[in-house]
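Per the working numbering, the very first residue in the sequence shown carries number 1197; after that it's consecutive. Written out below as structure tokens is the structure these notes cover.
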Amino acid sequence: MIQDAAELNQIIDQLAMNIITVELEDIMALGNILKQIEEILKITEAPAFKPIHVFCSPLKKLIEKLIFKESPSPQQFLDLISGGIRIIQAKISYGDINQTLSEEGSFWEKVETLIGPQKSLPVTSSEQESPQEKSTSEGSLELSQDLELFNDFVAEAMEHLETIEINLINLEQAPDDKECINTIFRPFHTIKGVSGFLNLQEIHQFSHTIESLLDDARNDKVIVNQPIIDAILEAVDFLKAMILNQKSVMVSGKPPLNRVDLEPWLERIRMLRETPSPAAPALEEIPEIKVPPLGEILTLKGIVSDEEVGQALKAQVAEKHDQKIGEILITEQKAKPKEVLEGLRDQKRLSGQETQATVRVDTKKLDNLVDMVGELVIAQSLVQQNPNLASISDQKLIRDFSQLKRITTDLQKIAMSLRMVPIRHTFQKMIRLVRDLSKKSGKQVDLKLFGEETEIDRNMVDTLYDPLVHMIRNSIDHGIELPKKRKETGKKEIGQISLRAYQKGGNIVIEIEDDGQGLNREKILAKAKERKIISDENTLTDFQIDNLIFEPGFSTAEKITDVSGRGVGMDVVKKVIEKMRGKVEIYSTEGQGCRFVIRVPLTLAIMDGILVKIGEERFIIPTVTIKETLRPTPDEVFTVGKKEEMVKVRNSLLPLIRLNNLLNIVSSDKKPWEGLVVVVENDGLQKGLMVDDLLGKQEVVIKNLGEKFKTVKGVAGGAILGDGQISLILDVNGIFEIYRGKKD
1197 MIQDAAELNQ
1207 IIDQLAMNII
1217 TVELEDIMAL
1227 GNILKQIEEI
1237 LKITEAPAFK
1247 PIHVFCSPLK
1257 KLIEKLIFKE
1267 SPSPQQFLDL
1277 ISGGIRIIQA
1287 KISYGDINQT
1297 LSEEGSFWEK
1307 VETLIGPQKS
1317 LPVTSSEQES
1327 PQEKSTSEGS
1337 LELSQDLELF
1347 NDFVAEAMEH
1357 LETIEINLIN
1367 LEQAPDDKEC
1377 INTIFRPFHT
1387 IKGVSGFLNL
1397 QEIHQFSHTI
1407 ESLLDDARND
1417 KVIVNQPIID
1427 AILEAVDFLK
1437 AMILNQKSVM
1447 VSGKPPLNRV
1457 DLEPWLERIR
1467 MLRETPSPAA
1477 PALEEIPEIK
1487 VPPLGEILTL
1497 KGIVSDEEVG
1507 QALKAQVAEK
1517 HDQKIGEILI
1527 TEQKAKPKEV
1537 LEGLRDQKRL
1547 SGQETQATVR
1557 VDTKKLDNLV
1567 DMVGELVIAQ
1577 SLVQQNPNLA
1587 SISDQKLIRD
1597 FSQLKRITTD
1607 LQKIAMSLRM
1617 VPIRHTFQKM
1627 IRLVRDLSKK
1637 SGKQVDLKLF
1647 GEETEIDRNM
1657 VDTLYDPLVH
1667 MIRNSIDHGI
1677 ELPKKRKETG
1687 KKEIGQISLR
1697 AYQKGGNIVI
1707 EIEDDGQGLN
1717 REKILAKAKE
1727 RKIISDENTL
1737 TDFQIDNLIF
1747 EPGFSTAEKI
1757 TDVSGRGVGM
1767 DVVKKVIEKM
1777 RGKVEIYSTE
1787 GQGCRFVIRV
1797 PLTLAIMDGI
1807 LVKIGEERFI
1817 IPTVTIKETL
1827 RPTPDEVFTV
1837 GKKEEMVKVR
1847 NSLLPLIRLN
1857 NLLNIVSSDK
1867 KPWEGLVVVV
1877 ENDGLQKGLM
1887 VDDLLGKQEV
1897 VIKNLGEKFK
1907 TVKGVAGGAI
1917 LGDGQISLIL
1927 DVNGIFEIYR
1937 GKKD
């Protein structure tokens, strides 16, 4: 519904322009105006838009009489339509579409004179709530009116504000970029328009004020400078707080404890708008990008010749064709409709007009869809593995089963892709964070983003936000040096933080790397000994020392700042990542910088796995972790020390893990060369898992084991097999940890 409100605002603006330019004799143009009014009437059927709907009903009758030439005074009819549109625009501009304007009385009198009394009239001023009543409800919606519309507004407004933040950072680097100013102006305009429809007057007034400042910047009345950038960024934060405050009012049904004081903000923006700006230098003329005509596109594709296009153009001119070139070529059978359509799409792409349509879907509906597709995959697998299927001689039925399998597989892939979203949205939030932290700390920091299109399960996106914030804070506060110190050490004054994401095997890897001073290992060791985390006798590797910063309450900061130093954060990061069955590590080089590495699994609902047998039990090992399988010979198996078994694989000795012993499964005590070894890899380490037998590859639906079993190490989830039995999915990382624990 929020999209309807934004679309409504756009249609009304376009309608006002069309009314001004229309000629009374132009029936096509009048028809377009009627179509726009009908679109407005359709959108405004919602209760929240009723005042607009009431005004548009007589406008439709007026325009119909103009089209059918039933109006005694056409110009008078057109003027009245124009007046009605102006009243609607004024209501939206004031931020209260329920407000009665002084012009309304004369408008309705003229309507009754020209087309008779109307069934539905707007509420008069006397019927409006008293000023005392209005003051208590101003800026809020009735819960019974349209809570769904308001929730849509909150969701989309927050997206708009995040987009604005990113573009403001870009504008800070190129203050003269008019297109960038426009990309900031447009979302403010949408928020202003929709909040006006919803009678959120304070939000409407505030966003309108910022919009006016940006409009001045678009028209070179003010020059974009640092104070303006800072003001708009702060305004974004303030607007977010206003919207969330309004949301809490809507949920609780109680008025806000403190009314928002807009006056200081309005005065600040007024001062910025009134500050005289130097004359803007003349811009060099930018050559217009010409879009090739359809005939040229079809010629380049080899569909038609130059001569055929020329003949079509001559026919269009000589016979005064109203048909377009594409239509003429189709009529004369020089090109097929499909070829012309593809040419038009190419033309649209080249002009930059083609946009990808999207639709907002409730996440619960999406989860239900994914679950049902999972059930479909299980049902299809049960049918496919039915032993009676092999004895069926009906070839058509067999082909139908194969077709069903293909369709199910395609549907499954589509459903799984719906769970995945680019990590770009999360990464771009860090741009504002780095800007604010660098200003606060007096440091100069440049953030580079890589792999923004890497897709991640949408359920993990919000969970990853806080860990990223903590690590970037740590990099700026502890890692990046002040400009003066960087210069003394031969570095560029501007520090650099790189944020990258990529997929590796069955994991998403996120790296946060800075070119700062690195970790001070002496300080870390001293603090760890002071807090009794380690003893004086402990001998640690550099890697182990670095990872001490993930201990609870650990901090080497000499003073507490707004940025960090409280000893809260890095241990929380580790807990959050581990909760996602992930892992976080840190690598540091003194004087050169630090690199945090986060690895989290691809938590797709469906996965490929190898079904293995251990004793009488069956387990699934994720295919992405398997390097190879082999049956070793007796001389390829060794015992090191007292009990640790090793297996020789391609001239390398790998630890051999007997899964029956590790998982306490009753099984015949086979020799390794009597069973099979599955070589698996995790974090660059390889080990051999000994199993009794391989039962084949299967595509399975991952089922959550629930709260009670989610902390069980070595198990990632469960799955229903093709025969209806349940199998556990092994977590290779957890298996390695259990093995290390037993070994130690």
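Even for Gly, the Cβ is constructed at its ideal location relative to N, Cα and C.
A contact is defined here as three or more CB-CB pairs under 8 Å, and the segment 1361-1368 fails this definition with respect to the segment 1391-1401. Sorting T1650, Q1397, G1638 by C-alpha distance to the C-alpha of R1696 places T1650 at the top.
For L1633, there is no enclosing beta strand (DSSP E); the residue is part of the alpha helix (DSSP H) that begins and ends at 1620-1637. Per DSSP, the continuous beta strand (DSSP E) segment holding S1923 begins and ends at 1922-1926. Scanning its chain for C-beta atoms nearer than 6 Å, with the 5 sequence neighbours on each side dropped, one finds around R1717 the residues I1741, in chain order.
Looking at the DSSP output, K1261 shares a beta bridge with no other residue. As DSSP reads the structure, E1840 sits in a beta bridge with V1836. Shown here for L1858: same chain residues with a beta carbon closer than 8 Å to its own, the five before and five after excluded, namely G1910, I1931, I1934, Y1935, K1938 in chain order.
Per DSSP, the beta-bridge partners of P1818 are G1805. The secondary-structure analysis by DSSP pairs F1646 across a beta bridge with R1696.
For V1911, the enclosing beta strand (DSSP E) has its first and last residue at 1911-1916. In this structure, V1843 keeps its C-beta atom at 9 Å or more from the C-beta atom of E1824.
Here K1436 has M1354, L1357 as same chain residues with Cβ atoms under 8 Å from its own Cβ, once five neighbours each way along the sequence are excluded.
Secondary structure of S1267 (DSSP, three-state): coil. With 16 or more other Cβ atoms from the protein chains shown falling within 10 Å of its own Cβ, I1439 counts as buried. Burial check for S1784: the Cβ neighbour count within 10 Å reaches 16 or more, so the residue is buried.
In summary, I1704 is buried, with 16 or more beta-carbon neighbours lying within 10 Å of its beta-carbon over all protein chains present. Taking all protein chains shown into account, A1724 has 16 or more neighbouring C-beta atoms within 10 Å of its C-beta and is therefore buried. Following the DSSP letters along the chain, one finds E1398 in no beta strand (DSSP E) but inside the alpha helix (DSSP H) bounded by residues 1397-1414. Exposed is the label assigned to K1719, since fewer than 16 other Cβ atoms lie within 10 Å of its Cβ.
By the C-beta criterion, the segment 1885-1898 is judged not to be in contact with the segment 1790-1798, since fewer than 3 inter-stretch pairs fall below 8 Å. In this structure, the beta-carbon distance from I1782 to L1715 falls below 9 Å. Nearest to I1419 by C-alpha distance, out of R1469, S1637, I1773, is R1469. The beta carbon of E1813 sits closer than 7 Å to the beta carbons of I1861 from its chain, once the five residues preceding and following it are set aside; these are given in chain order.
Taken atom to atom, the span from the alpha-carbon of Q1576 to that of K1374 is near 56 Å. Looking at the backbone, the Cα of I1399 and that of F1245 are separated by about 18 Å. Annotated three-state conformation of M1886 is strand, per DSSP. Within its own chain, the residues whose Cβ lies closer than 8 Å to the Cβ of Q1271, once the five positions on either side in sequence are excluded, are L1220, listed in chain order. In this model, L1678 and D1710 are separated by some 14 Å (Cα to Cα).
Excluding five sequence positions before and after M1667, the CB atoms of its chain that fall closer than 6 Å to its own CB belong to I1708, F1792, given in chain order. Here S1598 is exposed, its C-beta having fewer than 16 other C-beta atoms within 10 Å. Taking 9 Å as the cut-off, the beta carbon of V1887 is found no closer than this to the beta carbon of I1822. With at least 16 other beta carbons inside 10 angstroms of its own, S1634 counts as buried. In the same chain as G1789, and ignoring 5 residues on each side of it, the C-beta atoms closer than 7 Å to its own belong to G1675, E1709, D1710, D1711, G1712, G1714, in chain order.
Around I1377, the same chain offers L1367, L1410, A1413, R1414, V1420 as residues with beta carbons nearer than 8 Å, after the five sequence neighbours per side are excluded. F1792: member of the beta strand (DSSP E) spanning 1789-1797, first to last residue.
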